[in-house]
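In full-length UniProt numbering, the protein residues as written are 1 to 371.
See below:
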């Protein structure tokens, strides 16, 4: 990850091949997705898991381009107190509480928070973007108070990534992970894992509070990890999101009858779908905007192609993946995914692209940090 941080696009592509990405690439891609004028294309709707699954895979390809001996991106089970303690320490991803101006401790000390650089944006990012949508989605405007690559309303004003303590005092609970596996429909699963309307801080929300937090003295100040549009600034973003994807794959094993229905993904296109939550909660509105249905391209303003993902799913290697492509080609239940999630005790998971390696395992952390 330090190589991704400190190597230019040109130098990285020349040395490590076309799979190389800079650390800023993933921040920019995530920002474009959340700021899409149609509505957020990667959060609070059906593509939440499909979008992040593609992003994790592209990130993993980059890590392995830098160091082919790395088996996979590690996941961090943030409902497990032991896993949290192991991940949030100086030798891993830095202390759980690492407030600025000092910022992250240990291996990621001085993990710089960049300023908005228009020239880099135009030279490195725009070639991957949909040319008809660039002007409406590129987040050129720097933060209103600092000029940093943050949401315009975030008053965080430090040159390094830090983490504030979570003032709520909520403790992780493995039951959160297991509860979502009992969701009867895909929408129920989304609400359980992703919304914090009914389950404050569970799974997705809690992950961002772990790696981010908010300044209790000035709630306008959020750590980069809690700043939704640019949260990949925090180096533990991918391992935490990998755990959410892992929950989705396990959920599917418990609901095999949904396989023939694309696991219940929204096929209706632009729609407002009130769905009763099977755990007895009130109605929630999902997918109230365009671009998030089954056959829509995943974040079409800056999508994912076969070439970028290093998977031959289409005749045209530059074809952009739809949500249906993700559901079909990245399905660990039916075996179409080029990886599977290994449990921490599993040392012999099947291969990816013909290689014997296990996906998203904690013991890959050391090599991943170096890359």
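Virtual Cβ for every residue (Gly too), placed ideally from N, Cα, C.
I'd like to know whether the C-beta of residue i is nearer than 9 Å to at least one C-beta of chain D.
{"i": "residue 235", "result": "Chain labels in this structure do not include chain D; a single protein chain is all it has."}
According to DSSP, is residue i part of a helix, a strand, or is it coil?
{"i": "residue 405", "result": "Only positions 1 to 371 of the chain appear in the structure, and residue 405 is not among them; the question remains open."}
{"i": "residue 160", "result": "strand"}
{"i": "residue 294", "result": "coil"}
{"i": "residue 148", "result": "strand"}
{"i": "residue 268", "result": "coil"}
{"i": "residue 261", "result": "helix"}
{"i": "residue 289", "result": "coil"}
{"i": "residue 170", "result": "coil"}
{"i": "residue 368", "result": "Residue placement at residue 368 is flagged as unreliable, the pLDDT there being 38, under the threshold of 50; the coordinate-derived value follows with that caveat. It is helical."}
{"i": "residue 178", "result": "helix"}
{"i": "residue 231", "result": "helix"}
{"i": "residue 225", "result": "helix"}
{"i": "residue 256", "result": "helix"}
{"i": "residue 282", "result": "Residue confidence is low: residue 282 scores 47 on pLDDT, short of 50, so the model does not pin down where it sits. No coordinate-derived value is stated."}
{"i": "residue 69", "result": "coil"}
Nearest-angstrom Cα distance between residue i and residue j?
{"i": "residue 191", "j": "residue 208", "result": "16 Å"}
{"i": "residue 149", "j": "residue 318", "result": "29 Å"}
{"i": "residue 18", "j": "residue 98", "result": "34 Å"}
{"i": "residue 89", "j": "residue 100", "result": "16 Å"}
{"i": "residue 45", "j": "residue 187", "result": "9 Å"}
{"i": "residue 9", "j": "residue 154", "result": "28 Å"}
{"i": "residue 119", "j": "residue 311", "result": "31 Å"}
{"i": "residue 297", "j": "residue 67", "result": "30 Å"}
{"i": "residue 419", "j": "residue 306", "result": "No answer is possible for residue 419: it lies beyond the span of the chain, which begins at 1 and ends at 371."}
{"i": "residue 304", "j": "residue 104", "result": "31 Å"}
{"i": "residue 34", "j": "residue 130", "result": "15 Å"}
{"i": "residue 1", "j": "residue 23", "result": "7 Å"}
{"i": "residue 165", "j": "residue 94", "result": "13 Å"}
{"i": "residue 14", "j": "residue 236", "result": "27 Å"}
{"i": "residue 368", "j": "residue 74", "result": "Because residue 368 carries a pLDDT of 38, less than 50, the predicted location of this residue cannot be relied on, and the following value inherits that uncertainty. Their backbone Cα atoms lie some 8 Å apart in a straight line."}
{"i": "residue 398", "j": "residue 122", "result": "Only positions 1 to 371 of the chain appear in this structure, which leaves residue 398 out of reach."}
{"i": "residue 231", "j": "residue 210", "result": "12 Å"}
{"i": "residue 43", "j": "residue 112", "result": "26 Å"}
{"i": "residue 4", "j": "residue 109", "result": "15 Å"}
{"i": "residue 258", "j": "residue 31", "result": "32 Å"}
{"i": "residue 205", "j": "residue 262", "result": "26 Å"}
{"i": "residue 127", "j": "residue 300", "result": "13 Å"}
{"i": "residue 40", "j": "residue 226", "result": "16 Å"}
{"i": "residue 80", "j": "residue 238", "result": "17 Å"}
{"i": "residue 267", "j": "residue 38", "result": "18 Å"}
{"i": "residue 264", "j": "residue 229", "result": "27 Å"}
{"i": "residue 326", "j": "residue 220", "result": "36 Å"}
{"i": "residue 57", "j": "residue 72", "result": "9 Å"}
{"i": "residue 334", "j": "residue 321", "result": "19 Å"}
{"i": "residue 291", "j": "residue 256", "result": "27 Å"}
{"i": "residue 26", "j": "residue 216", "result": "29 Å"}
{"i": "residue 163", "j": "residue 254", "result": "36 Å"}
{"i": "residue 249", "j": "residue 337", "result": "10 Å"}
{"i": "residue 193", "j": "residue 222", "result": "22 Å"}
{"i": "residue 152", "j": "residue 145", "result": "8 Å"}
{"i": "residue 365", "j": "residue 252", "result": "The predicted model places residue 365 with a pLDDT of 40, which falls under 50 and marks its position as unreliable, so this point remains unresolved."}
{"i": "residue 7", "j": "residue 184", "result": "46 Å"}
{"i": "residue 21", "j": "residue 218", "result": "35 Å"}
{"i": "residue 107", "j": "residue 315", "result": "42 Å"}
{"i": "residue 84", "j": "residue 176", "result": "15 Å"}
{"i": "residue 202", "j": "residue 324", "result": "27 Å"}
By the DSSP assignment, the alpha helix (DSSP H) with residue i in it spans what residues?
{"i": "residue 250", "result": "237-253"}
{"i": "residue 217", "result": "No alpha helix (DSSP H) holds residue 217; DSSP gives it neither H nor E."}
{"i": "residue 152", "result": "Where residue 152 is concerned, there is no enclosing alpha helix (DSSP H), given that its DSSP letter is neither H nor E."}
{"i": "residue 5", "result": "2-6"}
{"i": "residue 208", "result": "204-211"}
{"i": "residue 194", "result": "186-194"}
{"i": "residue 11", "result": "9-16"}
Contiguous alpha helix (DSSP H) assignments of at least 4 residues, all confined to the segment 21-66: 23-34 and 48-66
Within the segment 71-130, ranges of the alpha helix (DSSP H) (whole runs, at least 4 residues): 81-87
Unbroken stretches of the alpha helix (DSSP H), 4 residues or longer, contained in the segment 298-353: 306-309 and 323-329
Given 8 Å, three or more beta-carbon pairs between the segment 46-63 and the segment 237-245: Because the criterion of three Cβ pairs below 8 Å is met, the segment 46-63 and the segment 237-245 touch.
Three-pair Cβ contact test at 8 Å for the segment 168-182 versus the segment 107-117: no
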